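Read through the structure below, which is laid out as structure tokens, and then see the notes.
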Amino acid sequence: MRTLWSAGIRALVMRRDFRVLGWMAAAMLVVLLGPGCEPGDLVVQLEVEGEPIPPFGDVMVPAGEIGVAREYSVSRRVLSGRDTITAFSATDARGAAVVATGETLPWSGGPSEDTVDDSNVFFGSITVTPSEEEWSVRVVFEGTYPQSVTIVGLGMSPVVDLDMDGYPDMNDCNDDDPAINPGAPEVCNDIDDNCNMMIDEGLLFQTYYPDVDEDGYGNPMSPMTTCGEVPFGYSLDNTDCDDTRASINPGIAEICNGADDDCDTMADEGLPTQTFYADVDEDGYGNPMAPTVTCEELTFGYSLDGTDCDDSLRTVNPGRLEVCNGRDDNCNTFVDELILTQTFYADTDGDGYGDPAAPMDSCMTTLTGYVLDNSDCDDSNRLVNPGATDVANDGVDANCDGADCTARVMGTTTFAICTGTFNWAQARTLCQTAFGDIASILSATEHAFIRSIMDEVMLNFALIGFTDAVDEGVFRWASGLSSGYTNWVPGEPNDTAMNEDCSAIQGDAGWGWNDVPCDLVTSIVACELR
């Protein structure tokens, strides 16, 4: 449809979609494009001085359904001037008025520019209820239109009230249920009854908790809030700590079962308890390091006694007698006490001679790795012990006599030259242990024989048994033997510093005798066995 109007003509446009393509300042040109008028479309009606312009007139629009209210919206855009919608009217096919409401819509003047401004779009509405199948709607505008175009859109929008609750479907949020409309009271049903986009608002809500075991106490971990009645299987209480057993809740009395019966986070509290001890070996004595405090009466594998020192052996407990086995049988912290013992010595080298520095007291008759002998001087070498043969002057005391000795026999007397580290008293003790005593030289023959041994082993100094330690100035042989023979180096004995009470053969002094300090530490001594 293409329509032209000139200035001074008022245009009533009743169509849902239209476009103003252009206009002129003096001779107004309005072009309306679109399909022909169809039911539900907008209709254009032109009036001049209140009279319709042929061939237009009131356009009939099918109602679609008799007696169903429909609402029509009126929109207007202005370029200038002040205009007013003064009346709405609706008639049926016989010209009789249908139910309608009208109102006057004052519209302010728009801008003077030739541009439609969305801020100057105004809306109004009218609701009609047709009584016949065909009817028409007219909107009359009054006012002046200097250099302006007035477009009035009349859009049809059916107002349907399917549930007959007095609220059309445009206002009713559920037009299929008469109990749901803007005037309905809100009830607890999880539905927006009063169409205010809120559900169950203003109602009293209560939180409930699952009560699976039906003991009246609910599970605090799964709450449900509702405005309705108490749901089946729920409780207002939320203090149950185990909702799977009716025997556990805050109303239950605590019993001895290892469980928190009354939900106070403690188990078996307030009940009398005893301390039991693990009795793994079942000898009636428990392990003090494995206590169990409980209100239960423990029997198998436990004991009220906690004094066992070895819970892996039935033969070890405070009720046992001590026996010789290297173990604390009666748990008194002592081993083999009050049993006859003997001292063993470690025999590391297995030569049958023990180390005097490694004793072990035991009540056993034998002890692996130990012997009753303690005379081994080197327990790391099985070739060194009191039963070994000493090789002369090899630097090894093989027979543990305290020295490395070279012995020779003269008649019925054995003389020896021994090396070691000792003073005079220690040297005499060595001689007494290995032979008989420190040497006494009773003749020139014996002197020459001892010197020959010293020559053999290439030694030129040796302690002998001549001493005045008992009677100062009077030298005697320590062995108690006596003889008038002496062989002093000229000028000796001279008792230098009044501290030379012992004597020695000194090769670098003509192989004579010289008095020396008794505390002189040397390495050679002459011994004898008569």
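Start counting at 1 in the sequence shown, then tack on 137, and there's your number in the working numbering. Ideal placement from N, C-alpha and C gives every residue a C-beta, glycine not left out. From a predicted model like this one, the values you see are computed outputs, not experimental measurements.
- Fewer than three pairs of CB atoms, one per stretch, sit closer than 8 Å, so the stretch 365-373 makes no contact with the stretch 383-397.
- Relative to the Cα of L341, the nearest Cα in the group G353, P347, D327 belongs to D327.
- Taking 8 Å as the cut-off, the beta carbon of L520 is found no closer than this to the beta carbon of C500.
- In the DSSP secondary-structure assignment, R545 is bridged to F552.
- Per the DSSP secondary-structure output, Q569 pairs with nothing in a beta bridge.
- Under the Cβ criterion (8 Å, minimum of three pairs), the stretch 405-417 counts as touching the stretch 430-448.
- Assigned with DSSP and collapsed to three states, T381 falls in coil, not helix or strand.
- Here P347 has G355, N356, S359, G370, Y371, D380 as same chain residues with Cβ atoms under 7 Å from its own Cβ, once five neighbours each way along the sequence are excluded.
- With distances taken between CA atoms, D488 lies nearest to S512 out of N462, S512, M635, C325.
- Nearest neighbour of L435 by Cα position, chosen from N454, T410, V453, turns out to be T410.
- Considered as a whole, the stretch 595-646 harbours no complete run of any alpha helix (DSSP H) with no fewer than 4 residues.
- The C-beta of S440 has 16 or more other C-beta atoms within 10 Å across all chains shown, which makes the residue buried.
- Contact between D337 and E323 holds: CB atoms are separated by about 6 Å, below the 8 Å threshold.
- Taking a 10 Å sphere around the C-beta of N522, we find 16 or more other C-beta atoms and assign the residue as buried.
- For the 8 Å CB-CB criterion, L458 and N467 form a contact.
- Between the C-alpha atoms of A535 and D574 there is a straight-line separation of about 20 Å.
- Scanning its chain for C-beta atoms nearer than 7 Å, with the 5 sequence neighbours on each side dropped, one finds around M335 the residues D329, in chain order.
- According to the DSSP assignment, D652 belongs to the beta strand (DSSP E) that extends over 649-653.
- Under DSSP, the beta-bridge partners assigned to C664 are A553, I575.
- Going by beta carbons, F572 and E474 fall outside the 8 Å limit.
- Here DSSP, grouped into helix, strand and coil, assigns D592 to helix.
- In the three-state reduction of the DSSP assignment, T429 falls in the strand class, which pools E and B.
- Taken in chain order, the unbroken stretches of beta strand (DSSP E) that lie wholly in the stretch 490-543 and span 3 residues or more are 496-499.
- With a 10 Å radius around the Cβ and a threshold of 16 neighbouring Cβ atoms, I554 comes out buried.
- Distance between D405 and P319, taken at the CA atoms: about 60 Å.
- D492 and A540 have their alpha carbons spaced roughly 18 Å apart.
- Here T436 carries a coil assignment [DSSP, helix/strand/coil].
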